[in-house]
Amino acid sequence: MINVGLLGCGNIGRIIAKGQDNFKITAVYDTAEAKVNAFGKEFGAVPYTDFASFLKESCDVIVEAASAAAVKSHAKDVLKSGKDIIIMSVGALADEAFREELLDTARENSCKIHIPSGAVLGLDNIKVGQIAKVDKILLRTTKSPASLKREISERTQLFGGKAGDCVREFPKNTNVAESLSLAVGKDIDVELWADPAEDRNMHEIFFEGEFGEIYARIRNVPSPDNPATSYLAALSILSLLRNLDSPLVIGA
Ligand SMILES: NC(=O)c1ccc[n+]([C@@H]2O[C@H](COP(=O)([O-])OP(=O)(O)OC[C@H]3O[C@@H](n4cnc5c(N)ncnc54)[C@H](O)[C@@H]3O)[C@@H](O)[C@H]2O)c1
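The sequence shown begins at -4 in the working numbering and counts up one residue at a time.
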């Protein structure tokens, strides 16, 4: 049984808690006191609003499902305490100086930082970009105007440029772009579109290199409790946790 400390009791946190199987959430932390207390009671985990106390719990791994701000504030301390961390709010790693510091801290403490596949697909083989020549990698994301909190009546491009700049302009829509950038080992090209005809969160990946070419399209259903989060993202962390202690590692 893997003991998990959960940072963030929102939509993804709840889906993880409901999917407990080979792992048990033993401790939970959130800044929203009433929420963390109710969550702890419902799922039999010790609730904390003080991070230092939360970190003293003997967990095998901390799952961050909170916000990029939470990653910036707490990820280093998690690694310094000798625990592995699974990061959902991967946009936080677009800050290169922060990312390098975090990687150094992980190395110094022999810990792992896991990035789940989240709302995207293909991170496994997109990693070939770290070792083979890449000619093109473009992510085209299309969402409904409501999901982007815009009032737009026709298909409109909101952003075109590098993932790192998209993170600064659209911080809430960058987890997928940053996951792909980390996988391929460079700042990828990104287009962000709002389309009233699209009711799902669609990601298209155009990837070309010496291996050949990939076109992949994924149309994600929004999470029931948070339309900004694709349901697949929550399921992907659940599958990562369920496979942590498996002797068979697939597609990593
Ligand atoms: N990697 C991906 O593909 C992917 C996909 C979807 C969502 N996400 C990210 O996962 C995170 C969680 O998503 P969600 O739908 O569960 O969000 P949510 O808003 O439903 O829940 C977040 C919870 O975290 C808590 N929280 C926020 N900041 C905190 C902090 N600094 N310290 C402690 N608690 C804090 C909130 O109180 C809330 O309870 C978001 O950052 C989202 O961007 C990543």
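The C-beta atom is built at its ideal place from N, Cα and C for all residues, glycine as well.
Here the structure is a predicted model, which means the values were calculated and not measured.
Check, Outcome
"At least three beta-carbon pairs within less than 8 Å, the region 206 to 213 to the region 58 to 73", "no"
"Close-in-space but distant-in-sequence residues of the same chain around Ser148 (CB under 7 Å, 5 per side omitted)", "Pro191"
"Which listed residue (His198, Glu205, Ser231 and Lys181) has its alpha carbon closest to that of Ala189", "His198"
"Nearest residue (CA-CA) to Ala89, options Leu235, Lys167 and Arg150", "Lys167"
"Sub-8 Å separation of Ile(-3) and Ile232 beta-carbons", "no"
"Span of the beta strand (DSSP E), counted from its first residue to its last, around Arg135", "Val129 to Lys138"
"For Arg212: DSSP bridge partner residues", "Glu199"
"Same chain, Cβ closer than 7 Å to Thr137, five either side skipped, listed in chain order", "Trp188, Asp190, Glu193 and Met197"
"Segment contact flag, the region 35 to 54 with the region 11 to 23, C-beta cutoff 8 Å, min 3 pairs", "yes"
"Any non-hydrogen atom of ligand 1 closer than 7 Å to Tyr210 Cβ", "no"
"Same chain only: Cβ atoms within 7 Å of Gly86, ignoring 5 sequence neighbours per side", "Ala63, Val162, Pro166, Thr169, Asn170 and Glu173"
"Reduced DSSP category for Asn238 - H, G, I as helix; E, B as strand; rest coil", "helix"
"Gly77 versus Ser53, Phe93, Glu95 and Glu59, residue with shortest Cα-Cα distance", "Ser53"
"Selected residue, minimal CA-CA separation from Arg195, among Lys181, Phe201, Gly113 and Val216", "Val216"
"Host beta strand (DSSP E) of Lys157 (start-end)", "Thr151 to Lys157"
"Own chain, CB closer than 7 Å to Arg214, minus 5 neighbours either side, in chain order", "Arg195 and Met197"
"Cβ neighbour criterion (16 or more within 10 Å) applied to Asp16", "exposed"
"Rounded distance between the beta-carbons of Ile57 and Gly0, thought under 8 Å", "5 Å"
"Secondary structure of Leu98, DSSP reduced to three states", "helix"
"Beta-bridge pairing of Ser225 - partner residues as DSSP gives them", "Pro217"
"Which residues DSSP lists as bridging Lys78, in chain order", "According to DSSP, which records beta bridges pairwise, Lys78 is partnered with nothing at all."
"Reduced DSSP secondary structure (H/G/I, E/B, other) of Ala258", "With the chain covering -4 to 247 only, the question about residue 258 has no answer from this structure."
"CA-to-CA distance, Ser218 to Leu143, given in whole angstroms", "15 Å"
"From Val244, Lys181, Phe201 and Leu50, residue whose alpha carbon lies closest to that of Ile126", "Lys181"
"heavy atom of ligand 1 below 7 Å from Asp25 C-beta", "yes"
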